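Residue numbers (this note's numbering): 81 to 287.
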Ligand SMILES: [Zn+2]
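(1) Is the beta carbon of residue 160 less than 9 Å from the beta carbon of residue 191?
(2) Of all the options 228, 237, 209, which has the alpha carbon lying nearest to the alpha carbon of residue 90?
(3) Considering only C-alpha positions, which residue in the set 184, 230, 104, 197 is nearest to residue 214?
(4) Taking residue 101 as part of the alpha helix (DSSP H), name the residues at either end of that continuous run.
(5) According to DSSP, simplified to helix, strand and coil, what is residue 143?
(6) By Cβ distance, which residues of its chain are closer than 6 Å to residue 230, with the 5 residues on each side in sequence left out?
(7) Given a threshold of 16 other Cβ atoms within 10 Å of its Cβ, counted over all protein chains shown, does residue 180 qualify as buried or as exposed?
(8) Using C-beta distances below 7 Å, list every residue in its chain close to residue 107, excluding the 5 sequence neighbours before and after it, in chain order.
(9) In terms of residues, what are the limits of the beta strand (DSSP E) holding residue 123?
(10) What's the C-alpha gap between residue 169 and residue 189?
(11) Give the straight-line distance between the Cα atoms of residue 119 and residue 186, rounded to the nearest whole angstrom.
(12) Taking residue 254 as part of the beta strand (DSSP E), name the residues at either end of that continuous run.
(13) In chain order, what residues of the same chain have a beta carbon less than 6 Å from the beta carbon of residue 122, not counting five sequence neighbours either side?
(14) For the stretch 142–191, which segments carrying the alpha helix (DSSP H) assignment without a break, of at least 4 residues, lie completely within its bounds, in sequence order?
(15) Nearest-angstrom Cα distance between residue 255 and residue 171?
(16) Answer with buried or exposed for residue 204, where buried requires no fewer than 16 other C-beta atoms within 10 angstroms of its C-beta.
(17) Look at the Cβ atom of residue 162, then the Cβ atom of residue 206, and state whether they are nearer than 9 Å.
(18) Is it true that the CB of residue 264 sits closer than 9 Å to the CB of residue 241?
(19) Measuring straight from C-alpha to C-alpha, what distance separates residue 243 and residue 202?
(20) Is residue 255 close to ligand 1? I mean its beta-carbon at under 8 Å from any heavy atom of the ligand.
(21) Could you name the residues of the same chain whose beta carbon sits closer than 6 Å to that of residue 149, not counting the 5 residues immediately before and after it, in chain order?
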């Protein structure tokens, strides 16, 4: 088989606490077990954890390389790499999209994990473009802390109004569409959009 046909882009997206990083690690571990040459990258801004160290059953270890941007990621690529994993991709610049395409065109399997939306539900960083160009997309869901439904959103519950505010359980919780509330610093605001009563009937389609 032509080696080039192996190149493609996979995106693992969704809200916080949806298991994106775990899924990325699971795929990279399998690639390592298959003796693929694998590299994993994370942005500097994700400082919550020490660099992730993947160790497979045959004790081949892999450290996540922390980089400032897509250009630095490119500089740190090893010759002959076959699978490239990128975690917290929403914090990267738009150049990550072209780089992912370039790598995939060259036969590299690119696996990107990241938040698809920020706390205001806006598409986050290069993620919308990556979702558009990827061959394979998985939307992961957490469990809504309010009602137990599949949660698509990262509800900010503390802190300011900046887009980037790295935090875990103290600053965010998983919420579904029904339970999501627009966040206002200092207190949880009301939902920004109030639909007229008749609009709730739109979902009842025929056929
Ligand atoms: Zn809910």
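Ideal Cβ positions, reconstructed from N, Cα and C, are used throughout, including at glycine.
Nothing here was measured: the structure is a model prediction, and the numbers come from that model.
By the coordinates alone:
(1) Numbered from its first residue, the chain shown carries residue 160 at position 80. Numbered from its first residue, the chain shown carries residue 191 at position 111. Taking 9 Å as the Cβ cut-off, residue 160 and residue 191 do not qualify as a contacting pair.
(2) As a first step, residue 90 must be located in the chain shown, where it is residue number 10. The shortest C-alpha separation from residue 90 is found at 209.
(3) Locating residue 214 in the chain shown gives position 134, counting from the first residue. If we check each option's Cα against that of residue 214, 184 comes out closest.
(4) Start at 1 with the first residue of the chain shown, and residue 101 comes out as number 21. First-last of the alpha helix (DSSP H) with residue 101: 100–113.
(5) Here residue 143 refers to the residue found at position 63 of the chain shown. Three-state result, residue 143: strand.
(6) Along the chain shown, one-based indexing puts residue 230 at 150. Same-chain partners within the cutoff: 221.
(7) Here residue 180 is taken as the residue at index 100 of the chain shown, counted from 1. Answer is buried; the Cβ neighbour count reaches 16.
(8) Looking up residue 107 in the chain shown gives position 27. These residues qualify, in order along the chain: 191.
(9) In the chain shown, counting from the first residue as 1, residue 123 sits at position 43. Per DSSP, residue 123 belongs to the beta strand (DSSP E) from 118–123.
(10) One-based indexing of the chain shown puts residue 169 at position 89. One-based indexing of the chain shown puts residue 189 at position 109. So the two alpha carbons sit approximately 16 Å from each other.
(11) By one-based count along the chain shown, residue 119 stands at place 39. By one-based count along the chain shown, residue 186 stands at place 106. Computed Cα separation, rounded: 16 Å.
(12) Your numbering for residue 254 matches position 174 in the chain shown. Taken as a continuous stretch (DSSP letters only), the beta strand (DSSP E) holding residue 254 covers 252–255.
(13) Counting from one through the chain shown, the residue named residue 122 turns up at place 42. Within the same chain, residue 122 has close Cβ partners 144, 146, 167, 168.
(14) 150–155, 175–185
(15) Counted from its first residue, the chain shown places residue 255 at position 175. Counted from its first residue, the chain shown places residue 171 at position 91. Residue 255 and residue 171: Cα-Cα distance of roughly 22 Å.
(16) To locate residue 204, count along the chain shown from 1; it is residue 124. So residue 204 ends up on the buried side.
(17) Residue mapping note: residue 162 aligns to position 82 of the chain shown, counting from 1. Residue mapping note: residue 206 aligns to position 126 of the chain shown, counting from 1. Cβ distance not < 9 Å, so residue 162 and residue 206 don't count as in contact.
(18) By 1-based counting over the chain shown, the position of residue 241 is 161. By 1-based counting over the chain shown, the position of residue 264 is 184. Their beta carbons are under 9 Å apart, which means residue 241 touches residue 264 by this criterion.
(19) Mapped onto the chain shown, residue 243 falls at position 163. Mapped onto the chain shown, residue 202 falls at position 122. Going by the C-alpha atoms only, they are around 9 Å apart.
(20) In the chain shown, counting from the first residue as 1, residue 255 sits at position 175. Checking every heavy atom of ligand 1 against the Cβ of residue 255, one is found closer than 8 Å.
(21) Start at 1 with the first residue of the chain shown, and residue 149 comes out as number 69. Cβ neighbours of residue 149 beyond the five flanking positions: 173.
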